[in-house]
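Shown next, in structure tokens, is the structure this report addresses.
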Amino acid sequence: MLGHRKRGEGENDQDPIFWATQKHSVMSADRENHGRMRRIISHGFSAQSMLGQQPVIQGYVSLLIQRLREHSQNGMQPLEMTSWYNWATFDIIGDLAFGEPFGCLEKADYHPWVSMVFGRVRGNTINTALRRFPFGSMLSKFFMPAKVRRQFEAYYQITVEKVGRRLAMETPRHDFMEALIKSEGKTKLSYPEILDNASLLIVAGSETTATTLSGLTYLLATHPQVLAKLEEEVRSTFASEEEINLLSVQKMTYLFAVINESLRIFPPVPTSFPKRTRPGGDTICGQYVPENTIMGIWQWPLYHSPQNFTLPDTFIPERWLGDARFAGDEQDIAFHPFLTGPRSCIGKNLAYAEMRLIVAKVIWNFDLSIHPSSQNWLDENKAYVLWDKPDLNVYLKPRILDTDGQTSVDAVPTP
Numbered sequence: 007m008l009g010h011r012k013r014g015e016g017e018n019d020q021d022p023i024f025w026a027t028q029k030h031s032v033m034s035a036d037r038e039n040h041g042r043m044r045r046i047i048s049h050g051f052s053a054q055s056m057l058g059q060q061p062v063i064q065g066y067v068s069l070l071i072q073r074l075r076e077h078s079q080n081g082m083q084p085l086e087m088t089s090w091y092n093w094a095t096f097d098i099i100g101d102l103a104f105g106e107p108f109g110c111l112e113k114a115d116y117h118p119w120v121s122m123v124f125g126r127v128r129g130n131t132i133n134t135a136l137r138r139f140p141f142g143s144m145l146s147k148f149f150m151p152a153k154v155r156r157q158f159e160a161y162y163q164i165t166v167e168k169v170g171r172r173l174a175m176e177t178p179r180h181d182f183m184e185a186l187i188k189s190e191g192k193t194k195l196s197y198p199e200i201l202d203n204a205s206l207l208i209v210a211g212s213e214t215t216a217t218t219l220s221g222l223t224y225l226l227a228t229h230p231q232v233l234a235k236l237e238e239e240v241r242s243t244f245a246s247e248e249e250i251n252l253l254s255v256q257k258m259t260y261l262f263a264v265i266n267e268s269l270r271i272f273p274p275v276p277t278s279f280p281k282r283t284r285p286g287g288d289t290i291c292g293q294y295v296p297e298n299t300i301m302g303i304w305q306w307p308l309y310h311s312p313q314n315f316t317l318p319d320t321f322i323p324e325r326w327l328g329d330a331r332f333a334g335d336e337q338d339i340a341f342h343p344f345l346t347g348p349r350s351c352i353g354k355n356l357a358y359a360e361m362r363l364i365v366a367k368v369i370w371n372f373d374l375s376i377h378p379s380s381q382n383w384l385d386e387n388k389a390y391v392l393w394d395k396p397d398l399n400v401y402l403k404p405r406i407l408d409t410d411g412q413t414s415v416d417a418v419p420t421p
């Protein structure tokens with residue numbers, strides 16, 4: 007369904023109803039246009055580009071840690087971590103994509119565009135469901151909540167303004183938008199394509215990462231043995247915080263296992279990006295599927311199926327480290343949080359880099375524990391295409407270190 011096709015073999019299209027409000031993005035494009043757009047966008051996600059982006063990412067992660075320290079009240083005041091992670095990831099992608107941050111971390115608040123993102127996701131979900139019915143577009147006018155409709159429209163207007171300002175920049179800037187703007191000839195992107203892909207970069211480059219960080223933080227705070235092992239790895243690997251950077255965190259195996267297990271337990275996209283079978287139908291997993299059938303692979307049930315994973319609902323990072331108990335897990339086949347095939351997520355490496363760095367910095371700087379109000383946080387999430395997340399209240403107790411980088415006092419959170 008998602009894998010590479012042989013040359014000359016027809017591809018199953020993206021579901022036109024699902025992508026009706028974003029017809030010109032790399033995610034919704036047909037095979038030919040997808041390849042054209044992906045080649046252009048990929049320039050901003052190359053290994054060389056990642057090295058150039060390191061100072062920007064490091065700067066915002068350092069600002070996140072600073073702001074968490076300022077607001078933690080020495081571990082006595084719980085922090086709402088879904089917001090803090092969203093503010094950090096939106097500031098990072100705003101700078102990398104448009105050359106201007108949203109200022110979320112500085113203000114400890116959402117930029118208007120950022121605050122409308124989930125309204126747009128919710129609106130798209132409602133619209134997609136209604137369009138499955140006859141006269142669905144007319145039905146949406148009656149069933150779409152007025153507030154969601156206003157957010158949907160306002161989000162588009164701010165996207166136009168943001169892209170307009172970036173197009174008007176005269177000073178060259180090596181950001182994600184540069185490749186989209188400077189494409190020429192047969193590969194040149196149209197204005198609607200620039201708009202839709204700019205919007206996609208913002209959502210895909212921020213919300214999904216922030217969601218994973220939120221789920222990971224909850225899982226660590228409610229699994230003290232896992233948290234202790236991760237603390238040991240982070241705090242024994244580095245002699246000082248200055249050593250923690252995008253390159254140094256790549257060698258941390260337990261951290262990587264914790265991230266993957268968090269992606270499995272709480273995938274940021276729990277549903278699917280549906281496709282439509284090609285004319286004449288297709289054979290999927292040995293089963294013939296008639297043409298024009300809408301199909302998709304839903305990540306949450308895939309990752310929680312006992313057919314694919316041993317103890318599927320249990321948070322055990324060791325399954326990614328060769329633990330014999332999980333030898334039968336279908337990790338290579340069933341685990342693709344960034345999709346697979348030609349339409350896999352182009353920002354996978356950036357997402358992993360951000361998550362590794364942020365988690366390592368948080369664990370280095372704080373001892374964390376869950377607030378009672380968030381004890382059942384995972385079960386309180388609501389799935390649209392993305393998660394509608396409740397507040398995640400966590401105590402962060404700043405660690406007090408001596409000159410050798412060792413903890414000089416007992417820093418267990420005392421709410």
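Add 6 to a position in the sequence shown, counting from 1, and you land on the number used in my numbering. Note that CB positions come from ideal geometry on N, CA and C, so glycine has one too. Fair warning: this is a prediction, and the values are worked out from it, not measured in the lab.
Asked, Found
"Start and end of the alpha helix (DSSP H) containing P230?", "230-243"
"Tell me whether G286 is buried or exposed, calling it buried when 16 or more other Cβ atoms sit within 10 Å of its Cβ.", "exposed"
"Of the residues N130, P107, T131, which one's Cα is nearest the Cα of V120?", "P107"
"Buried or exposed for Q305, please, with buried defined as at least 16 other CB atoms from any protein chain shown within 10 angstroms of its CB.", "buried"
"Once DSSP output is grouped into helix, strand and coil, what is the label at T420?", "Only weak support is given to the placement of T420: the predicted model assigns it a pLDDT of 43, under 50, and the question is left unresolved by the model."
"Alpha carbons only, please: which of D97, G105, G65, A204 is nearest the one belonging to H30?", "A204"
"From what residue to what residue does the beta strand (DSSP E) around S465 run?", "Lying outside 7 to 421, the shown extent of the chain, residue 465 is not represented and no answer is given."
"Applying the criterion that 16 or more other CB atoms from any shown protein chain within 10 Å of the CB defines a buried residue, is I271 buried or exposed?", "buried"
"Give a yes or no on whether the C-beta atoms belonging to F279 and M33 are separated by under 8 Å.", "yes"
"Using the rule of at least 16 other Cβ atoms within 10 Å of the residue's Cβ for burial, across every protein chain shown, is Q20 buried or exposed?", "buried"
"So, with DSSP's three-state summary, where would you put N39?", "helix"
"Quick check on T95: does DSSP put it in helix, strand or coil?", "helix"
"Which word fits C291, buried or exposed, when buried means at least 16 other C-beta atoms lie within 10 angstroms of its C-beta?", "exposed"
"Note down the Cα distance separating N133 from Y390, rounded to an integer number of angstroms.", "12 Å"
"Count the other CB atoms, across all protein chains shown, that sit within 10 Å of the CB of P274; report buried if there are 16 or more and exposed otherwise.", "buried"
"Mapping DSSP to helix, strand and coil, what is M175?", "coil"
"Could you check whether G129 and Q157 sit closer than 8 Å to each other, using their CB atoms as the reference points?", "yes"
"DSSP puts I290 in a beta bridge; with which residues?", "Q293"
"Here's a check: name, in chain order, each residue in its chain whose Cβ is nearer than 6 Å to the Cβ of S379, leaving out the five neighbours to either side.", "N399"
"Taking the Cβ atom as the reference point for each residue, do A366 and M258 lie within a distance shorter than 8 Å?", "yes"
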